[in-house]
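Protein chains in written order, with the working numbering: chain Y, 1 to 390; chain U, 391 to 714.
If you want it as structure tokens, here you go:
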């Protein structure tokens, strides 16, 4: 089959590789009908995530049709149309029972690696380095899905791929950020990053009834989409405006009630702070550039909530712990517990509360994945979300 | 009846232990000084120990100097840990060997060389004293638990799963087989990384169903091991805490927790993780990369290498735990 492989820093190519096979009894093989490139794939593309190997198949947002089942899977049939959550979770361990699916204790056969780096193991994930288990990803014609009796969600035929595909990661991720904010009708929410996750965070915050949602980014076309499609009430372009001052003005000095950070370890910014972080990251003494988190902490109203959705890998420096502590802020964060949100969000899509297809900007053939990565990386042609089909 | 508690109260530091710690720090400073001298003035030093200065001798001395400084730093940073001290003992053996080789050459001053060997032997004696003292203290102060894990199933079920030794090779991949000879004795066959197998018999020395099972290798085994696994219900959960205590020994030496921690812990961590997977999910999960023992890209294998067996499968339900 054809599959998008990571061949090195800023180098992906579509290769011919063996077809996936059933390894575990709870596996399924899925023929991928639609997959996408995620913002977090760019961290791999740019070489910021450790433990990548040449030849790793990428992709953790995909859906398709069941073509083969292990003998332990009884709730799916060959031919079922399913969306697959990016997190590989068993459904049996204590974390899964608590609904903390992305902290599943069994889904990562390389669990000892995150345990060394982060203290405790985290779940497995498709196509996302060997730290998350070394599972082949879904930017391919076929993919093996472990714990297929627990993860995949059957979707009705009448909903097109682009409406349900994003249930695999970014829609639940953005929604979880909005849910973290404990939104009530009068609340003001600021969202750093108007990429795909940011758009869904904005749309979800509006859906949950926030009065005012402020989008922060540096690309005018993304801010335009935030306002026109996702429902943001205000937009700040940090290239032209001072984020802290504008947020102060918009909230008459209070600061936003909650801040959602949808940026991650490759944040951009200005001045000494940015140069300092970028240099440390370059020489590998710091894995992350937490500029947006710092900014959100400084901006948030006292007693407010910071929801961190952006991906971080290791240790950071110059973290405003003093502001966090003295002003009584709460941080809520985590890789999305996708399994928790797929069904309720599918119901919202079916009811017409939201149409996630608004973020799709390009359709491409799987063979053009390298071009897609390059385009997404350099934000060419007003790219927002690319759907790959084989 | 033996206690099922896995913890010991903090050990009291006695005079011997305090002496060992002081000695250990002293040896650390000694290592640093000697290492610096070996790096800075190898020619002077080689004359002092009766070896004619040469490029080869200087290179060896500089290499030893780097080792000496590393072991000195290890001792000064962790003066209460026995491992850096045992490493020093190993270093002393190497030094004596090198001096022995030098003694066979004609271009050496035998008297000075004998003096050097006597000094190394003297330091080695101090190293052994310090290592034994710190080890005694370390073992008294530390839990004998090698590793522990919580399994999200009731204790009866976990104990039942563990008690069937013949299933051990399913999650301990270095075992070829475990055969229960009778209710007490079992025969263990392990695969060696270099090929071939090693075999030993073990007997259960204590069994309290759903609480504790203890074993030891029988008299005359090549592998000397004794240990126990303790099962208890986790606080406020219907899950089971499993703790492995173990001691390991080689010919002529009493089994010790330190050796077990050093040699067996990495393996036991993986074994317990897989045992947990088996009991909780019914199988050991492999990814495309971990199906291979060596590094492999996350790509489907040409052929399935290891197809795991089902282990009392428990049907999960997709609804379970989902809290929208």
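Using N, Cα and C, we set each Cβ at its ideal position, and we do this for glycine too.
Under the criterion of beta carbons closer than 8 Å, residue 635 of chain U and residue 618 of chain U qualify as touching, at roughly 5 Å.
At a cut-off of 8 Å between beta-carbon atoms, residue 646 of chain U makes no contact with chain Y. Note on residue 118 of chain Y: under 16 other CB atoms within 10 angstroms of its CB, so exposed under the neighbour-count rule.
For residue 676 of chain U, the closest Cβ of chain Y is nearer than 8 Å. DSSP, reduced to helix, strand and coil, places residue 95 of chain Y within a helical segment of the structure shown. Using a Cβ-Cβ cut-off of 8 Å, residue 17 of chain Y is close to 689 and 690 of chain U, given in chain order. For residue 667 of chain U, the secondary structure class from DSSP, reduced to helix, strand or coil, is helix.
Under the DSSP definition of a beta bridge, residue 622 of chain U partners with U/631. Chain Y places no beta carbon closer than 8 Å to that of residue 634 of chain U, leaving this residue out of the contacts. Restricted to the stretch 102-189 of chain Y, the alpha helix (DSSP H) segments that are unbroken, complete and at least 4 residues in length are 112-118, 161-164 and 170-180, listed in chain order. Interface criterion met: the Cβ of residue 671 of chain U is under 8 Å from a Cβ in chain Y. Secondary structure of residue 361 of chain Y (DSSP, three-state): coil.
A contact between stretches requires three or more CB pairs, one per stretch, nearer than 8 Å, and the stretch 489-497 of chain U fails this requirement with the stretch 450-461 of chain U.
Contact of residue 146 of chain Y with chain U is assigned, a C-beta pair being separated by under 8 Å.
Contact of residue 13 of chain Y with chain U is not assigned, every C-beta pair being separated by 8 Å or more. One Cα belongs to residue 60 of chain Y, the other to residue 350 of chain Y, and the distance between them is close to 24 Å.
The beta carbon of residue 430 of chain U sits no closer than 8 Å to any beta carbon of chain Y. Residue 4 of chain Y and residue 128 of chain Y have their alpha carbons spaced roughly 13 Å apart. Between residue 112 of chain Y and chain U, the shortest Cβ-Cβ separation is below 8 Å. Of all residues in the stretch 651-672 of chain U, the ones placed with a Cβ closer than 8 Å to any Cβ belonging to chain Y are 659, 660, 663, 666, 667, 670, 671 and 672, in chain order.
Annotated three-state conformation of residue 16 of chain Y is strand, per DSSP. Contacts between residue 136 of chain Y and chain U, judged by CB atoms closer than 7 Å, involve 678, 688, 689 and 690 in chain order. Look at residue 384 of chain Y here: in three-state DSSP terms it is coil, with no helix or strand label.
Here the C-alpha atom of residue 615 of chain U lies approximately 5 Å from the C-alpha atom of residue 638 of chain U. With respect to the C-alpha of residue 676 of chain U, the residue from Y/79, Y/67 and Y/125 having the closest C-alpha is Y/125. Remark: C-beta atoms of residue 259 of chain Y and residue 296 of chain Y approach each other more closely than 8 Å.
Bounds of the beta strand (DSSP E) holding residue 540 of chain U are 535-541. Considering only beta carbons, the part of the stretch 34-62 of chain Y lying closer than 8 Å to chain U consists of 53, 54, 55, 56 and 57, in chain order. At a Cβ-Cβ threshold of 8 Å, residue 200 of chain Y and residue 173 of chain Y count as neighbours. With at least 16 other beta carbons inside 10 angstroms of its own, residue 666 of chain U counts as buried.
Secondary structure at residue 228 of chain Y: helix, using DSSP grouped into helix, strand and coil.
If you draw a straight line from the Cα of residue 10 of chain Y to the Cα of residue 46 of chain Y, it comes to about 5 Å. Not a single CB atom of chain Y sits nearer than 8 Å to the CB of residue 426 of chain U.
Excluding five sequence positions before and after residue 465 of chain U, the CB atoms of its chain that fall closer than 8 Å to its own CB belong to 414, 415, 417, 418, 421, 474, 475 and 478, given in chain order. If the five residues before and after residue 73 of chain Y are omitted, its C-beta is found closer than 7 Å to the C-beta atoms of 26, 28, 148 and 149, all from its own chain and listed in chain order. With a beta-carbon spacing of about 15 Å, residue 576 of chain U and residue 588 of chain U fall beyond the 8 Å limit used to define contacts.
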